[in-house]
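**Q** With the working numbering applied, the sequence shown corresponds to residues 23 to 180, in that order. Where a beta carbon is used, it is the ideal one built from N, C-alpha and C, also for glycine. Please see the structure below; I have some questions.
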Amino acid sequence: MTSEKKQEYTLRITQANKSGLVVILYELFFEYIREAEEALAADDRHGYSVGIDRAQDVLTELIGSLNMDRDPAPAIYRVYLYVSARMGLAKGSLKKELLDDPLRLMHSLYETYKKDSACDTDAPVMGNSQKVYAGLTYGKGALTESMDEGNGNRGFFV
Numbered sequence: 023m024t025s026e027k028k029q030e031y032t033l034r035i036t037q038a039n040k041s042g043l044v045v046i047l048y049e050l051f052f053e054y055i056r057e058a059e060e061a062l063a064a065d066d067r068h069g070y071s072v073g074i075d076r077a078q079d080v081l082t083e084l085i086g087s088l089n090m091d092r093d094p095a096p097a098i099y100r101v102y103l104y105v106s107a108r109m110g111l112a113k114g115s116l117k118k119e120l121l122d123d124p125l126r127l128m129h130s131l132y133e134t135y136k137k138d139s140a141c142d143t144d145a146p147v148m149g150n151s152q153k154v155y156a157g158l159t160y161g162k163g164a165l166t167e168s169m170d171e172g173n174g175n176r177g178f179f180v
């Protein structure tokens, strides 16, 4: 992942509420799968393995975010287990075709979470993060972003 992409995801994470974080996790999952597929196309087996492992890590985080006491979490959990098993097979066999069905399922869930997130008006999870303002100033040929340091009390107090 490029440093610009990392910065973009970092900014989005600092500004996201709970449902927004789930949407970002799905996007990271797709990003890592795309990187794995590109690595396999370039005959980079190690890169493919790393991409699948990173996508698995995101999937583990998604599993951990489920509230198993409420529906439809148990059903989604079973889908995640299926996706994880198929990813393991795809990694071991170096066959990206085995990712087609898991990607279809994950994309379907992603679209649902994305619609849900659009309706969520909760405050961002990170309440003491920097405020970012885009469009207040313009650079030469580009929109710039400014960050408000606030009161400077981000982090731990001693």
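Among the candidates Val105, Val44 and Ile98, whose CA atom is the shortest distance from the CA of Ala140?
**A** For the purposes of this step, residue 140 is taken as the residue at position 118 of the sequence shown. When each option's Cα is compared against that of Ala140, the closest is Val44.
**Q** What's the gap between the Cα of Tyr31 and the Cα of Glu83?
**A** By 1-based counting over the sequence shown, the position of residue 31 is 9. By 1-based counting over the sequence shown, the position of residue 83 is 61. Near 16 Å, if we compare the C-alpha coordinates of Glu83 and Tyr31.
**Q** Assuming Thr109 and Leu121 make a contact with CB atoms under 8 Å, what is their CB distance in whole Å?
**A** Position 87 of the sequence shown, counted from the start, is the residue given in the question as residue 109. Position 99 of the sequence shown, counted from the start, is the residue given in the question as residue 121. In the sequence as displayed, the identity of residue 109 is Met instead of Thr. At roughly 7 Å, the Cβ-Cβ gap stays under 8 Å, so Met109 and Leu121 are in contact.
**Q** When we look at the beta-carbon of Pro94 and count the other beta-carbons within 10 Å, is it buried (16 or more) or exposed?
**A** Position 72 of the sequence shown, counting from 1, holds the residue named residue 94. Exposed is the call here.
**Q** For Leu125, count the other beta carbons within 10 Å of its own beta carbon; 16 or more makes it buried, fewer makes it exposed. Which is it?
**A** The residue given as residue 125 occupies position 103 in the sequence shown. Per the 10 Å Cβ criterion, buried.
**Q** Using only CA atoms, which one of Asn39, Ala107 and Ile55 lies nearest to Gly69?
**A** As a working note, residue 69 is residue 47 in the sequence shown. Taking only the C-alpha atoms, the option nearest Gly69 is Ile55.
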